[in-house]
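K.L.:
Please read through the structure below; I'll follow up with questions.
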Amino acid sequence: MRTTMRQPLPPFALPGRDKRHHHPSYSKLESQGWKSVEAEGKLSAKGWLREVKWAKEMGLPGAECLTDKSIPTFARGELPHFAGINTFLKAPYVENVRDVGQYDAAIVGIPFDSGTTYRPGTRFGPQGIRRISALYTPYNYELGVDLREQMTLCDAGDVFTIPANLEKSFDQITRGVAHVASSGALPLMLGGDHSIGFPCVRGIAQCTSKNIGIIHFDRHIDIQEKDLDERMHTTPWYWATELPNVQAKNLVQVGIGGWQVPRPGVQEARRRQTNVLTIDDMEKLGIEKTAEIALELAWDGCDAVY
6 MRTTMRQPLP PFALPGRDKR HHHPSYSKLE SQGWKSVEAE GKLSAKGWLR
56 EVKWAKEMGL PGAECLTDKS IPTFARGELP HFAGINTFLK APYVENVRDV
106 GQYDAAIVGI PFDSGTTYRP GTRFGPQGIR RISALYTPYN YELGVDLREQ
156 MTLCDAGDVF TIPANLEKSF DQITRGVAHV ASSGALPLML GGDHSIGFPC
206 VRGIAQCTSK NIGIIHFDRH IDIQEKDLDE RMHTTPWYWA TELPNVQAKN
256 LVQVGIGGWQ VPRPGVQEAR RRQTNVLTID DMEKLGIEKT AEIALELAWD
306 GCDAVY
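Be aware that the sequence shown starts at 6, since it is given in the numbering used here, and climbs by one per residue.
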């Protein structure tokens, strides 16, 4: 029987001995990980303290036995993630939508899927997004951003859409988005099938006479005039760029391609000279360059970008 001697393990790096440098170019202080650690230290905690105070006022102070005095009796605010009413990111629910102007931004749910030509179900999108958002915090580690500290966000609830009636729903959506935008808050819409793009842009456009650009992320080009004789989910950008202050030259469509791009939409894009970037374009340019190009084209001569 052959026996072999095991090689001794390399010694630990002790004082007086050379350290092994597997990655000599690595610098802890230059790493994204450490920069994110440092960035967190620069963030304010005022928003968190306001939320704690509000939670205790609205939900009663917690039981005397609790060591953590930030915990209320009734769940209010971000924690715990498994409890509470599911607004988006547990943001305050604004029951009176006339109050949305008190916030920097407002979530607007658009539960509508009558514009789809194939599979329904996205009417439950806002509900699902809100539910899963309860698992997240307002803080992003890599970006060094805490939404709770850097902006005020509310949830305005859902637009009352009319199932099976596109035009009435479009008017409702436009009215809702225009109300939020005209109040001074930034409307953030949760859909909903892609047909809602048109009434959402129309709502913004009604609040300004200035030009608006559009950046659209999708695999489908969605710019044909009609589909199944209606303004379905394949048509929003045709109708959006028919608005007087939304020009086709400022429509940038990113990610378009594959086997589900109807030719009538491609023909319309060619006729209107829109801007289309495919996945291949993105791979060649890189994400940062793609973003720069999209923003440059969308902002050209515009005062706002959707």
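Even glycine gets a Cβ: it sits at the ideal position worked out from N, Cα and C.
#1: List the endpoints of the continuous alpha helix (DSSP H) containing H86.
#2: From W59 to Q107, what does the alpha carbon distance come to, in whole angstroms?
#3: Along the chain, where does the beta strand (DSSP E) containing Q258 start, and where does it finish?
#4: Would you kindly check if the distance between the Cβ of G202 and the Cβ of P249 is under 9 angstroms?
#5: Quick one, are the C-beta atoms of D163 and G114 less than 9 angstroms apart?
#6: Taking contact to mean 3 or more Cβ pairs, one atom from each stretch, closer than 8 angstroms, check whether the segment 91-99 and the segment 155-171 are in contact.
#7: Report the residue from H199, V206, S200 whose alpha carbon sits nearest the alpha carbon of P192.
#8: Using a 10 Å radius around the Cβ and a threshold of 16 neighbouring Cβ atoms, would you call K74 buried or exposed?
#9: Taking the beta carbon of T72 as the centre, do at least 16 other beta carbons fall within 10 Å, making it buried, or is it exposed?
#10: Going by the beta-carbon positions, is the gap between V257 and L282 smaller than 9 angstroms?
#11: Looking at the unbroken beta strand (DSSP E) that takes in V281, where does it start and where does it end?
#12: Measuring CB atoms only, is the segment 28-35 touching the segment 45-57, in the sense that at least three cross pairs come out at less than 8 angstroms?
#13: For a test of the three-state rule: what should DSSP assign to P302, helix, strand or coil?
#14: With DSSP as the reference, please indicate the residues paired to I220 in a beta bridge.
#15: Quick check: the Cα distance between K215 and F87, rounded to an integer number of angstroms?
#16: By a C-beta neighbour count over all protein chains shown, 10 Å radius and 16 as the cutoff for buried, is M237 buried or exposed?
#17: Below 8 angstroms CB to CB, which residues in the same chain sit around L89 once its five sequence neighbours on both sides are set aside?
#18: Does DSSP put P204 in a helix, a strand or coil?
#19: When the distance is taken between beta carbons, is G196 closer than 9 angstroms to T239?
P.N.:
In short, the structure shows the following:
#1: Counting from one through the sequence shown, the residue named residue 86 turns up at place 81. No alpha helix (DSSP H) contains H86, which DSSP labels as neither H nor E.
#2: Within the sequence shown, residue 59 is the residue found at index 54, counting from 1. Within the sequence shown, residue 107 is the residue found at index 102, counting from 1. Taking the straight line joining both Cα atoms gives about 16 angstroms.
#3: As a first step, residue 258 is located in the sequence shown; it is residue number 253 there, counting from the start. It spans 256-259 - the beta strand (DSSP E) in which Q258 sits, taken as one unbroken run.
#4: Walking along the sequence shown from the start, residue 249 turns up at place 244. Walking along the sequence shown from the start, residue 202 turns up at place 197. It is not a contact, given that the beta carbons lie outside the stated cut-off.
#5: Taking the first residue of the sequence shown as position 1, residue 163 is located at position 158. Taking the first residue of the sequence shown as position 1, residue 114 is located at position 109. In contact: D163 and G114 (Cβ atoms closer than 9 angstroms).
#6: yes
#7: Against the sequence shown, residue 192 aligns to sequence position 187. Among H199, V206, S200, the Cα nearest to that of P192 belongs to V206.
#8: Start at 1 with the first residue of the sequence shown, and residue 74 comes out as number 69. With fewer than 16 other Cβ atoms within 10 Å, it is exposed.
#9: Taking the sequence shown and counting its residues from 1, one reaches residue 72 at position 67. Counting Cβ neighbours within 10 Å, T72 comes out exposed, since fewer than 16 surround it.
#10: As a position in the sequence shown, residue 257 is number 252, starting the count at 1. As a position in the sequence shown, residue 282 is number 277, starting the count at 1. Yes. Within cutoff.
#11: Within the sequence shown, residue 281 is the residue found at index 276, counting from 1. Segment 280-282, the beta strand (DSSP E) holding V281.
#12: no
#13: Start at 1 with the first residue of the sequence shown, and residue 302 comes out as number 297. Here the sequence assigns Leu to residue 302, which means Pro is not the residue at that position. Here L302 sits in helix by DSSP.
#14: The count along the sequence shown starts at 1 and reaches residue 220 at position 215. Beta-bridge pairing links I220 to V257.
#15: Translated into positions along the sequence shown, residue 215 becomes position 210. Translated into positions along the sequence shown, residue 87 becomes position 82. If I take the Cα positions, the gap works out to 44 angstroms.
#16: Here residue 237 refers to the residue found at position 232 when the sequence shown is read from its first residue. By the neighbour-count rule (16 or more Cβ atoms within 10 Å), M237 is buried.
#17: Start at 1 with the first residue of the sequence shown, and residue 89 comes out as number 84. Leu is not the amino acid found at residue 89; the sequence shown has Gly there. For G89, where only same-chain residues beyond five positions count, the Cβ hits under 8 angstroms are A80, R81, G82, K95, A139.
#18: Stepping through the sequence shown from its first residue, residue 204 is reached at position 199. Helix, per DSSP.
#19: Residue numbering aside, residue 239 sits at position 234 when the sequence shown is read from its first letter. Residue numbering aside, residue 196 sits at position 191 when the sequence shown is read from its first letter. Not closer than 9 angstroms, so no.
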